[in-house]
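Counting in our numbering, the sequence shown runs from 2 upward without gaps. Below you'll find the structure, written out as structure tokens, and then a few comments.
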Amino acid sequence: MMKSVFVTGTDTGVGKTIISSSIAAYLSIKKGLDVGVMKPFESGIETTGERGLDDTWILKRASGSEDAVNEINPYLFKAPLAPEPAAAAENASIDIDLVTSLYNRLTARHDVVIVEGAGGLLVPITDGFFYADLIRTLNAPVMVVSRLTLGTINHTLLTCGHLRSIGAKVLGVILNDTEGAGDMASQTNPAMLEKYLDVPLLGVFPHTPDLFEKGVDRERLADLLARNIDCSVLEDRKDLTSSRS
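In structure tokens form, the structure reads like this:
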């Protein structure tokens with residue numbers, strides 16, 4: 002039975018937070034599930050004073066979760082770097098056991114938990130431990146978010162290939178139209194990926210530059226996902242277990 006979805010990306014800036022928050026809102030509003038969220042590591046955020054509309058807060062509001070922010074996001078760093086160098090810059094240490102413990106607590110509390118990564122699979126978290134290792138540790142099924150534009154074929158196939166090599170269950174790929182370019186690459190990439198992927202291409206999330214301009218609109222997020230993405234993999238709960246189970 003589904004207890005989590007880990008949202009990873011082919012790179013930074015592909016829109017993982019948009020997709021993660023949309024999935025959380027969809028499962029909460031459209032499917033009536035009690036949805037938890039987790040952003041284990043967030044960087045590039047001022048760590049003093051009141052937090053603004055960062056990734057963690059977007060996820061929390063989109064899901065309707067009432068969990069404490071430090072449960073959702075145990076590690077927050079000021080420098081806009083991968084977790085390992087960001088922690089080093091603050092002379093901080095990262096405890097993977099703490100992340101795992103919080104994850105287990107959240108999955109026990111909620112029907113499903115949406116976990117958002119940072120960057121891609123080979124972003125280092127601690128010495129020799131990458132996001133791909135975190136996926137293996139959590140044994141979580143994975144949703145891959147990719148750009149729609151030029152270069153995405155290579156990046157998407159590499160990402161899905163690496164996930165396959167570590168035995169992860171890949172639910173599918175969502176292309177995110179982050180640029181709204183409408184160029185030939187954007188028009189032809191979906192068909193090329195459908196041809197070469199061995200996991201479902203679930204659709205193209207539309208270009209929405211104003212999505213968070215006025216805060217988090219849960220209904221809009223849920224509707225955008227429902228209208229543009231094949232959500233059947235999120236509804237077939239028996240399918241949402243790792244291939245290592």
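For glycine and all other residues, C-beta sits at the position ideal for the given N, C-alpha and C.
- Linking Arg219 to Thr157 through their CA atoms gives a straight-line distance of about 28 Å.
- The three-state secondary structure of Val145, taken from DSSP, is strand.
- Two segments are said to touch when three or more pairs of C-beta atoms, one from each, lie closer than 8 Å; by this definition the segment 110-127 does not touch the segment 211-226.
- With a contact defined as Cβ atoms closer than 8 Å, Val38 and Ser5 miss out at about 10 Å.
- By a beta-carbon distance limit of 8 Å, Ile154 does not contact Leu203. Their separation comes to about 16 Å.
- Inclusion of Ser23 and Leu222 in the CB contact set at 7 Å is warranted, their separation being smaller than that value.
- The continuous alpha helix (DSSP H) containing Ile59 extends over residues 56-64.
- Distance from the CA atom of Glu85 to the CA atom of Lys79, rounded to whole angstroms, is 13 Å.
- The Cβ atoms of Leu60 and Lys40 sit closer than 7 Å to each other.
- The Cβ atoms of Ile175 and Ala133 do not sit closer than 7 Å to each other.
- Across the set Asp12, Val171, Val8, the C-alpha of Asp12 shows the shortest separation from the C-alpha of Leu149.
- Note on Asp56: 16 or more other CB atoms within 10 angstroms of its CB, so buried under the neighbour-count rule.
- Taken through DSSP and simplified to helix, strand or coil, Pro191 comes out as helix.
- Taking the Cβ atoms as the reference, Thr127 lies roughly 5 Å from Ile95, within the contact range of under 8 Å.
- Within 10 angstroms of the beta-carbon of Tyr197 lie fewer than 16 other beta-carbons, which makes it exposed.
- In this structure, DSSP gives Pro125 an extended state, which the three-state scheme calls strand.
- Residues of the same chain with a CB within less than 8 Å of the CB of Val15, apart from the 5 flanking positions on each side, are Val146, Ser147, Arg148, Asn177, Thr179 in chain order.
- The straight-line gap separating the alpha-carbon atoms of Gly129 and Ser102 is approximately 20 Å.
- In the displayed model, Met185 falls within a helix according to three-state DSSP.
- Our two residues, Ala182 and Leu151, have alpha carbons roughly 10 Å apart in a direct line.
- Under the three-state reduction of DSSP output, Val70 falls in the helix class.
- Distance from the CA of Asn92 to the CA of Leu77, rounded to the nearest whole angstrom, comes to 13 Å.
- In the displayed model, Val100 falls within a helix according to three-state DSSP.
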